[in-house]
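In this note's numbering, the protein residues as written are 4 to 93.
All C-beta atoms in this analysis are idealised placements derived from N, C-alpha and C, irrespective of residue type, glycine included.
Right, one structure below, let's go through it.
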């Protein structure tokens with residue numbers, strides 16, 4: 004679980020960083036399939052027990068959850084992102 008948990012945390016952080024940049028957010032929200040895939044994966048993370056399991060073995064369990072929430076917050080800054088989140092809520 005340690006390696007997988009670290010990979011999940013790093014991948015979520017990378018997605019968060021991409022979304023936090025205007026160009027990255029535009030890239031994510033331009034293609035409907037790409038946006039839907041990102042929103043669905045984030046929603047699965049929120050709804051899965053795996054997120055809690057990964058978060059529970061970390062020194063700071065709130066960090067992973069914080070990254071996921073920041074991804075949703077960043078996506079909601081774009082109108083298409085907001086519509087996609089509203090249609091596919093976590």
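*Of all the options 10, 16, 9, which has the alpha carbon lying nearest to the alpha carbon of residue 69?*
Scanning 10, 16, 9 for the CA closest to the CA of residue 69 turns up 16.
*Out of curiosity, what's the CA-to-CA distance linking residue 4 and residue 45?*
Note that residue 4 has pLDDT 49, beneath the 50 cutoff, so the model's placement of it is unreliable and the number below is only indicative. Taking the straight line joining both Cα atoms gives about 19 Å.
*Could you check how far apart the C-beta atoms of residue 84 and residue 38 are, in whole angstroms? I think they sit under 8 Å.*
The beta-carbon distance between residue 84 and residue 38, rounded to whole angstroms, is 6 Å. This is short enough to meet the 8 Å contact definition.
*Proximity to residue 29 [Cα-Cα], best of 93, 51, 81*: For the options 93, 51, 81, the alpha carbon positioned closest to that of residue 29 is the one of 81.
*With distances taken from CA atoms, which of 65, 66, 40, 67 is nearest residue 92?*
Scanning 65, 66, 40, 67 for the CA closest to the CA of residue 92 turns up 40.
*asked:* Let me confirm a value: residue 19 is counted as buried when at least 16 other C-beta atoms fall within 10 Å, else exposed. Which label applies?
replied: Flag for residue 19 reads buried.
*How many angstroms separate the CA atom of residue 12 from the CA atom of residue 75?*
Distance between the alpha carbons of residue 12 and residue 75: 15 Å.
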